[in-house]
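Just below is one structure, and these are the notes that go with it.
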Amino acid sequence: MTSPDEHRKVQSSEAIGDPASAMWDHHHTVNASAWPSNEVVRLVMKYYPDGGNGRHAVDVGCGTGANAWMLSEHGFKVNAFDISEVAIKTAYEQIALKRDVDVFFQVADIRSLAPEDADSDLVLDATTLCCLTTEEERARVVDMIYSMLVSGGRFFSIMPSVFSARDPFVRAVEGMDMPCTFWTKKDIERIYGRRFKIENIGESIYDARCGRAHLLIADMVKE
Ligand SMILES: C[S@@+](CC[C@H](N)C(=O)[O-])C[C@H]1O[C@@H](n2cnc3c(N)ncnc32)[C@H](O)[C@@H]1O
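Heads up: take any position in the sequence shown, counting from 1, add 69, and you land on this note's numbering.
In structure tokens, the structure reads:
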């Protein structure tokens with residue numbers, strides 16, 4: 070990132086090509102989410118009721134880009150990345166090329182990003198950090214997200230709780246064994262509270278095609 074008015078180009082990742090990206094490519098070949106998440110819309114309307122006004126947002130693990138599109142429609146300049154080339158190709162073709170939006174889509178692995186200059190006002194994680202499987206990976210990624218944010222910048226993170234459907238049957242319906250960790254409020258306090266001031270932990274139920282998830286929604290600020 071060179072100036073706040075330019076889009077960040079996150080480093081491309083050497084880890085792309087590992088089994089996680091192939092799995093997510095498969096997922097995004099059969100599921101293209103076209104609608105932003107209710108939870109993300111609620112948080113954005115709560116904290117930015119008058120719009121993003123050119124603030125800089127980063128959507129980590131953006132999938133096919135629906136949340137990034139909503140942020141851009143609301144007035145943010147958005148950088149959005151995902152490990153899946155299939156997801157980014159869909160996002161680029163369906164959003165960047167067809168709609169008049171300010172989103173820069175890029176393929177990248179969040180585990181390989183280095184700490185950044187602090188120039189983002191908002192980082193959004195809509196069920197991506199829950200794909201990280203080790204405590205060490207999560208800690209490194211949380212430090213990296215912290216480094217991206219300006220002081221007073223916000224971090225919204227949504228993840229499935231331990232009360233979600235974790236039955237192997239659900240995974241069989243999805244056709245793969247997706248890496249996913251299921252969180253408690255204590256996990257949020259331990260993993261995020263080390264860096265961020267946690268302002269609220271909300272809850273909601275997500276009715277997915279293959280089962281229900283109980284979501285935790287952590288709403289945080291960099292002090
Ligand atoms: C459950 S999906 C959520 C997608 C999107 N945020 C949404 O709300 O529709 C998790 C996303 O994280 C991406 N992902 C998983 N591991 C990742 C990693 N290490 N780096 C970047 N993206 C990753 C997947 O490709 C997938 O798009």
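Heads up, the beta-carbon is just placed ideally off N, CA and C, and yes, glycines get one too.
Within the stretch 261–287, the runs of beta strand (DSSP E) at least 3 residues long that lie entirely inside it are, in chain order, 266–277. Relative to ligand 1, Ser273 has its C-beta separated by 7 Å or more from all heavy atoms. Closer than 7 Å to some heavy atom of ligand 1: that describes the Cβ of Thr196. Not one heavy atom of ligand 1 lies closer than 7 Å to the C-beta of Ser220.
Put simply, the stretch 222–236 touches the stretch 282–289. At least three CB pairs are less than 8 Å apart. Out of Leu140, Pro248, Asp151, Ile260, the CA that lies nearest to the CA of Asp119 is found in Leu140. The way I'd put it, the stretch 149–164 does touch the stretch 174–186; three or more beta-carbon pairs between them come closer than 8 Å.
For Ser106, the distance from the CB to the nearest heavy atom of ligand 1 is below 7 Å. Asn136 sits in a helix when the DSSP states are folded into three classes.
In this structure, Ala135 has its beta carbon less than 7 Å from a heavy atom of ligand 1. Residue range 204–217 is occupied by the alpha helix (DSSP H) that includes Ala208.
Taking 8 Å as the cut-off, the beta carbon of Ala160 is found closer than this to the beta carbon of Ala149.
Looking at the DSSP output, Ala91 bridges to nothing. Remark: the C-beta of Ala156 is in contact range of ligand 1, defined as less than 7 Å to any heavy atom. In the three-state DSSP reduction, Ile227 falls in the strand class (E or B). Under the DSSP definition of a beta bridge, Ser189 partners with Leu218.
Rounded to the nearest whole angstrom, the C-alpha separation of Cys199 and Ala183 is 19 Å.
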